[in-house]
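Trainee: Number 1084 marks the last residue of the sequence shown (the working numbering); no jumps.
Even glycine gets a Cβ: it sits at the ideal position worked out from N, Cα and C.
Note that this is a predicted model, so its numbers are computed, not measured.
Take this structure, written in structure tokens, and hold onto it; I'll ask about it next.
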Amino acid sequence: MKLAIVNGRLIDPENGIDAERDLYIAHGTILAVGEAPPGFQADERIDAAGKVVCPGLVDLSARLREPGQEHKATIASETRAAASAGITSLCCPPDTDPVVDTPAVAELIRQRAEAAGFARVYPLGALTQALDGTRLSEMAALKAAHCVGVSNALTPLANTQVLRRAMEYAATFDLTVFLHAEDPWLRNDGCAHEGMVSTRLGLPGIPEAAETVAVARDLALIEHTGARAHFCRLSTGKALRMVARAQYDGLPVSADVSAHHLFLTEMDIGDFNSQCHILPPLRTLRDRDALRAGITGTTLAAICSDHQPHEPDAKLAPFSETASGISSLETLLPLTLRLVDEQLLTLSDALARLTCQPARILGIDGGTLGPGKPADVCIFDPDAYRFFSEKDMISRGRNTPFSGWELRGRVTHTLMGGMTVYKCP
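Following this line, the structure appears as structure tokens:
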């Protein structure tokens, strides 16, 4: 099928394009930008006047709950929600059930995503077998099964020696190690940032040092082993400064932040609002401002959703006993556009943190609209405003603290491989 997207404002940060240009697609790939190739006859034309045309968004962390927790969500339901949000590529952590520690599980996820047909899903392989923190996984086999990196998700390793050996093994196969920097002994079953709010509410706290101690340890091992590493969802200003220094010194490290950590703080817990129970926890206003400063520079290369859908009952217990996480695929783009409204980023820079830069971290062929690249495209109306409501969410998880917020940006079309997988009704 040949497709022409015309009259839109085309923004492709990878190629430095931000102008009104037409886009021509054939056989699932980008054929040309600007001028139509000789003899090109479109089977379909999309008039994108007044809209932004950009690469399909790339999300660095989305739990799809399948296999193992289909009562919360499925690959089909969540990739459909992703398509409605302009996301065409998703990276899922390995903490499914069974764990992604064999090629068979990775292939199962890939096949079910392909069968659903809404978005591309790239699994991370487990760093240790069954995420037990002691026995290294077969990383060579996981890489052959198209895992884009390895991680132990939120499960701590038994000791630092295991992490050292895991990094050495990953470096041997040129695999990126995705790290959730948290010292489990300092965390000590906490559920909120250790500070005034947790003290007032009587909640067990997670100190800032739980993150900074882990970052310091990980950076020392990265320097020792030469492994390439990515820090997932940093939440404190001190940890961010440590990573920035490591990048300045030439260590092969990158980092991301979740969109909600750029807007919410410990104060949003209010009177035990379980929708704000997340890991890492919401930190102080000073930490939030430090993360915002990091996203305007080069330290934080990507903004992700950290999507974690839950059934309603999971958020109805006392705060410390509720499941952590936010259903956040559908707020990723609108919250990022709010950073543009607040003049922290230009629109092109904001989209870079949702497209080409996360694609570069994953090492996938996406996040750009260059000729010959896959035709994964997001078209959105930047001037459409709406009051966000959990009742309107497509994801099966309705657990969000952003209900009632006025958000900007409505996705009108999402294309994957040149095929329309979402069209605004």
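By the 10 Å Cβ neighbour count, where 16 or more other Cβ atoms means buried, how is D1024 classified, buried or exposed?
Mentor: Start at 1 with the first residue of the sequence shown, and residue 1024 comes out as number 365. With fewer than 16 Cβ atoms within 10 Å of its Cβ, D1024 is classed as exposed.
Trainee: Just verifying my parser: in three-state terms, what is the DSSP assignment at I684?
Mentor: Here the question's residue 684 lines up with position 25 in the sequence shown. I684: strand per DSSP, three-state reduction.
Trainee: By DSSP, does P1084 sit in helix, in strand, or in coil?
Mentor: Within the sequence shown, numbered from 1, the residue matching residue 1084 stands at position 425. Looking at P1084 - three-state DSSP - the assignment turns out to be coil, as it is neither helix nor strand.
Trainee: Under DSSP, the alpha helix (DSSP H) around H883 begins and ends at which residues?
Mentor: Looking up residue 883 in the sequence shown gives position 224. Note, H883: alpha helix (DSSP H), 867-884.
Trainee: Can you look up M1078 in the DSSP assignment and give me helix, strand or coil?
Mentor: In the sequence shown, the residue the question calls residue 1078 occupies position 419. It is a strand residue.
Trainee: Could you say if the segment 739-755 and the segment 715-729 meet the contact criterion of at least three C-beta pairs nearer than 8 Å?
Mentor: In short, these stretches touch, since the Cβ pair count reaches three.
Trainee: Terminal residues of the continuous beta strand (DSSP E) containing A1043?
Mentor: Position 384 of the sequence shown, counted from the start, is the residue given in the question as residue 1043. Its beta strand (DSSP E) spans residues 1036-1046.
Trainee: Using alpha carbons as the reference points, say which of A914, V856, L662 lies closest to D930.
Mentor: Here the question's residue 930 lines up with position 271 in the sequence shown. Comparing Cα-Cα distances from D930 to each of A914, V856, L662, the minimum goes to V856.
Trainee: On a Cα-Cα basis, can you pick out the residue from D833, K710, T957, D756 that is closest to E725?
Mentor: Stepping through the sequence shown from its first residue, residue 725 is reached at position 66. Selected option, being the one with the closest Cα: D756.
Trainee: Using a Cβ-Cβ cut-off of 6 Å (strictly less than) and excluding sequence neighbours within five positions of S1048, which residues of its own chain qualify?
Mentor: Numbered from its first residue, the sequence shown carries residue 1048 at position 389. S1062.
Trainee: Comparing C-alpha positions only, which one of V912, Q820, A830, N932 sits nearest to R1019?
Mentor: Along the sequence shown, read from residue 1 onward, the residue named residue 1019 stands at position 360. The shortest C-alpha separation from R1019 is found at V912.
Trainee: Taking the straight line between their C-alpha atoms, what separation do you get for S1007 and G909?
Mentor: In the sequence shown, counting from the first residue as 1, residue 1007 sits at position 348. In the sequence shown, counting from the first residue as 1, residue 909 sits at position 250. Roughly 26 Å between the two C-alpha positions.
Trainee: Report the option in D1051, E797, F832 whose CA atom is closest to the CA atom of T990.
Mentor: To locate residue 990, count along the sequence shown from 1; it is residue 331. Out of D1051, E797, F832, D1051 has the C-alpha closest to the C-alpha of T990.
Trainee: Rounded to whole angstroms, how far is the Cβ of G1076 from the Cβ of G687, which I believe are closer than 8 Å?
Mentor: As a first step, residue 1076 is located in the sequence shown; it is residue number 417 there, counting from the start. As a first step, residue 687 is located in the sequence shown; it is residue number 28 there, counting from the start. 4 Å between Cβ atoms; contact.
Trainee: Going by C-alpha to C-alpha distance, which of G984, L998, P993, P1030 sits closest to R1069?
Mentor: The residue you call residue 1069 lines up with position 410 of the sequence shown. For the residues G984, L998, P993, P1030, the minimum Cα distance to R1069 belongs to P993.
Trainee: Could you pull the start and end residues of the beta strand (DSSP E) that C713 belongs to?
Mentor: Start at 1 with the first residue of the sequence shown, and residue 713 comes out as number 54. That run of the beta strand (DSSP E) goes 711-714.
Trainee: Alpha carbons only, please: which of A742, L950, T957 is nearest the one belonging to T924?
Mentor: Here residue 924 refers to the residue found at position 265 of the sequence shown. Taking only the C-alpha atoms, the option nearest T924 is L950.
Trainee: P971 by DSSP, collapsed to three states: which one?
Mentor: For the purposes of this step, residue 971 is taken as the residue at position 312 of the sequence shown. It is helical.
Trainee: Can you tell which of L878, Y907, S964 has the C-alpha that lies nearest to the C-alpha of H920?
Mentor: Counting from 1 along the sequence shown, the entry for residue 920 is found at position 261. Ranking L878, Y907, S964 by Cα distance to H920 puts S964 first.
Trainee: Output the distance between the C-alpha atoms of I985 and A695, rounded to the nearest integer angstrom.
Mentor: Indexing the sequence shown from 1 puts residue 985 at position 326. Indexing the sequence shown from 1 puts residue 695 at position 36. Those two C-alpha atoms are separated by around 43 Å.
Trainee: Please determine, among F832, T1073, L988, N818, the residue with the shortest C-alpha to C-alpha distance to K802.
Mentor: Here residue 802 corresponds to residue number 143 of the sequence shown, with the count starting at 1. Among F832, T1073, L988, N818, the Cα nearest to that of K802 is on F832.
Trainee: Quick one, which of R846, P1041, P977 has its alpha-carbon nearest A708's?
Mentor: One-based indexing of the sequence shown puts residue 708 at position 49. Of R846, P1041, P977, the residue nearest in Cα terms is P1041.
Trainee: Which ranges would you report for the beta strand (DSSP E) in the segment 696-772 if only whole runs of at least 3 residues count?
Mentor: The segment 696-772 contains these whole beta strand (DSSP E) runs: 703-706, 711-714, 716-718, 746-751.
Trainee: Could you check whether the segment 786-806 touches the segment 819-838, counting it as contact only if at least three pairs of C-beta atoms, one from each stretch, sit closer than 8 Å?
Mentor: Counting Cβ pairs under 8 Å, three or more are found: they touch.
Trainee: Please state whether DSSP places G1063 in a helix, a strand or coil.
Mentor: Taking the sequence shown and counting its residues from 1, the one referred to as residue 1063 is at position 404. Reduced to three states, the DSSP call for G1063 is coil.
Trainee: Check this for me: beta carbons of H966 and C850, under 8 Å apart or not?
Mentor: Here the question's residue 966 lines up with position 307 in the sequence shown. Here the question's residue 850 lines up with position 191 in the sequence shown. No, the pair does not count as a contact, with Cβ atoms beyond the cut-off.
Trainee: Go through its chain and collect everything with a Cβ distance to A960's Cβ below 6 Å, but skip five positions before and after it.
Mentor: Here residue 960 refers to the residue found at position 301 when the sequence shown is read from its first residue. Once the five neighbours on either side are set aside, the close Cβ partners of A960 are S913, Q1016.
Trainee: Strictly by DSSP, which residues pair up with H852?
Mentor: Within the sequence shown, residue 852 is the residue found at index 193, counting from 1. H852 pairs with I865.
Trainee: In three-state DSSP terms, what is T1073?
Mentor: Here residue 1073 refers to the residue found at position 414 of the sequence shown. Of the three classes helix, strand and coil, the one that applies to T1073 here is strand, per DSSP.
Trainee: Can you tell me which of the three DSSP states T924 falls into?
Mentor: As a working note, residue 924 is residue 265 in the sequence shown. Three-state DSSP puts T924 in coil, outside helix and strand.
Trainee: Could you work out which residue in R1057, V1036, T1059 is closest to T1071 when comparing CA atoms only?
Mentor: Locating residue 1071 in the sequence shown gives position 412, counting from the first residue. Checking every option, the nearest Cα to that of T1071 belongs to V1036.
Trainee: Does H805 come out as helix, strand or coil in the three-state DSSP assignment?
Mentor: Working through the sequence shown from its first residue, we reach residue 805 at position 146. It is coil, neither helix nor strand.
Trainee: Looking at the unbroken alpha helix (DSSP H) that takes in E827, where does it start and where does it end?
Mentor: Here residue 827 corresponds to residue number 168 of the sequence shown, with the count starting at 1. That run of the alpha helix (DSSP H) goes 819-831.
Trainee: Can you find the residues in the same chain that come closer than 8 Å, C-beta to C-beta, to V902, ignoring five residues on each side of it along the sequence?
Mentor: The residue you call residue 902 lines up with position 243 of the sequence shown. Result list for V902: V874, L878, F890, L893, V912, A914, T958, in chain order.
Trainee: Spatial neighbours of L899 within its chain, please: C-beta separation below 7 Å, excluding the five flanking residues on both sides.
Mentor: Here residue 899 refers to the residue found at position 240 when the sequence shown is read from its first residue. Here the set comprises L893, A949, L950, G953, T958.
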